Amino acid sequence: MKYRVFLSAFFLFLSPSLSQAEYRVFLLKISKVSTDPTKPATDFRLVKSTLDPEQYRYYYTVAPDEQVTYIDTWRCYGRTGDFQALCPNPKGQIPAEENPAP
1 MKYRVFLSAF
11 FLFLSPSLSQ
21 AEYRVFLLKI
31 SKVSTDPTKP
41 ATDFRLVKST
51 LDPEQYRYYY
61 TVAPDEQVTY
71 IDTWRCYGRT
81 GDFQALCPNP
91 KGQIPAEENP
101 AP
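Note that this note's numbering has the sequence shown beginning at 1, numbered continuously upward.
See below:
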(Lines of atoms letter the chains of each structure in order from A; the text may use other names.)
(Lines give C-alpha, C1' and ligand atoms only; values in the text may rest on other atoms or scores of the structure.)
Protein backbone atom coordinates (compact mmCIF):
# COMPACT_ATOMS: atom_id res chain seq x y z
CA MET A 1 0.00 0.00 0.00
CA LYS A 2 2.89 2.35 0.80
CA TYR A 3 4.37 1.79 -2.61
CA ARG A 4 1.10 2.47 -4.35
CA VAL A 5 0.81 5.87 -2.64
CA PHE A 6 4.45 6.66 -3.46
CA LEU A 7 4.05 5.72 -7.12
CA SER A 8 0.84 7.70 -7.40
CA ALA A 9 2.52 10.76 -5.90
CA PHE A 10 5.48 10.35 -8.26
CA PHE A 11 3.34 10.19 -11.38
CA LEU A 12 1.05 13.00 -10.30
CA PHE A 13 3.59 15.51 -9.02
CA LEU A 14 7.08 14.70 -10.22
CA SER A 15 6.70 13.36 -13.75
CA PRO A 16 5.11 16.54 -15.24
CA SER A 17 8.13 18.55 -14.14
CA LEU A 18 10.42 16.16 -16.02
CA SER A 19 8.61 16.53 -19.34
CA GLN A 20 9.91 18.94 -21.96
CA ALA A 21 8.00 20.80 -24.64
CA GLU A 22 9.11 21.01 -28.25
CA TYR A 23 7.74 22.43 -31.47
CA ARG A 24 8.61 22.54 -35.16
CA VAL A 25 9.33 25.71 -37.13
CA PHE A 26 8.67 25.90 -40.86
CA LEU A 27 10.22 28.34 -43.32
CA LEU A 28 7.54 29.02 -45.93
CA LYS A 29 7.80 30.83 -49.25
CA ILE A 30 4.64 32.67 -50.31
CA SER A 31 4.78 33.69 -53.96
CA LYS A 32 2.41 34.93 -56.64
CA VAL A 33 1.49 32.36 -59.26
CA SER A 34 2.70 33.63 -62.62
CA THR A 35 0.25 33.55 -65.52
CA ASP A 36 3.14 33.20 -67.96
CA PRO A 37 4.88 29.82 -67.34
CA THR A 38 8.10 30.95 -69.08
CA LYS A 39 8.52 33.89 -66.69
CA PRO A 40 9.58 32.92 -63.14
CA ALA A 41 7.82 34.51 -60.18
CA THR A 42 10.08 37.11 -58.55
CA ASP A 43 7.58 38.53 -56.07
CA PHE A 44 7.70 36.41 -52.90
CA ARG A 45 8.07 36.63 -49.12
CA LEU A 46 9.61 34.24 -46.59
CA VAL A 47 7.69 33.49 -43.39
CA LYS A 48 8.74 31.55 -40.28
CA SER A 49 5.77 29.78 -38.73
CA THR A 50 4.82 26.85 -36.52
CA LEU A 51 2.16 25.93 -39.09
CA ASP A 52 2.91 23.70 -42.07
CA PRO A 53 1.96 24.96 -45.58
CA GLU A 54 -1.53 23.42 -45.52
CA GLN A 55 -2.36 24.72 -42.04
CA TYR A 56 -0.92 28.17 -42.86
CA ARG A 57 -3.23 28.57 -45.85
CA TYR A 58 -6.32 27.76 -43.75
CA TYR A 59 -5.31 29.80 -40.68
CA TYR A 60 -4.05 32.98 -42.37
CA THR A 61 -5.57 34.79 -45.32
CA VAL A 62 -3.64 33.94 -48.48
CA ALA A 63 -4.73 35.34 -51.83
CA PRO A 64 -6.07 32.81 -54.35
CA ASP A 65 -3.23 33.66 -56.75
CA GLU A 66 -0.54 32.98 -54.09
CA GLN A 67 1.25 29.69 -53.57
CA VAL A 68 2.59 28.52 -50.17
CA THR A 69 5.72 26.38 -50.52
CA TYR A 70 7.69 24.53 -47.84
CA ILE A 71 11.40 25.52 -47.85
CA ASP A 72 12.93 24.25 -44.58
CA THR A 73 12.02 22.97 -41.13
CA TRP A 74 13.74 22.47 -37.77
CA ARG A 75 12.83 21.41 -34.25
CA CYS A 76 12.96 23.72 -31.24
CA TYR A 77 12.84 22.87 -27.56
CA GLY A 78 10.86 24.85 -25.04
CA ARG A 79 7.57 26.71 -25.05
CA THR A 80 6.05 29.20 -27.46
CA GLY A 81 3.82 30.84 -24.85
CA ASP A 82 3.85 34.53 -23.95
CA PHE A 83 4.67 35.51 -27.57
CA GLN A 84 8.25 34.26 -27.37
CA ALA A 85 10.29 34.46 -30.55
CA LEU A 86 10.78 31.29 -32.57
CA CYS A 87 14.20 29.72 -32.26
CA PRO A 88 16.68 30.35 -35.11
CA ASN A 89 17.57 27.75 -37.70
CA PRO A 90 20.50 25.67 -36.35
CA LYS A 91 21.67 24.89 -39.90
CA GLY A 92 22.69 28.52 -40.37
CA GLN A 93 24.65 28.58 -37.09
CA ILE A 94 27.23 25.88 -37.86
CA PRO A 95 30.57 27.60 -38.46
CA ALA A 96 32.38 26.68 -41.65
CA GLU A 97 35.55 24.64 -41.14
CA GLU A 98 38.69 24.82 -43.19
CA ASN A 99 39.49 21.77 -45.25
CA PRO A 100 41.98 19.74 -43.12
CA ALA A 101 43.11 17.66 -46.09
CA PRO A 102 46.40 18.87 -47.67
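Glycine included, C-beta positions come from ideal geometry on N, C-alpha and C. Note that the structure is predicted; figures quoted are calculated from it, not measured.
Inset, instruction - Assuming T50 and Y23 form a contact by the criterion Cβ under 8 Å, report the distance between their Cβ atoms to the nearest whole angstrom. - result: 6 Å
Legend entry - Short Cβ contact (7 Å threshold) for L27 with Y56: no
Legend entry - Three-pair Cβ contact test at 8 Å for the segment 82-90 versus the segment 59-70: no
Inset, instruction - Inspect the beta-carbon positions of V5 and I30 and report whether they are closer than 7 Å. - result: no
Legend entry - Extent of the continuous beta strand (DSSP E) run through Q20: Unbroken run through Q20: none, as it is neither H nor E.
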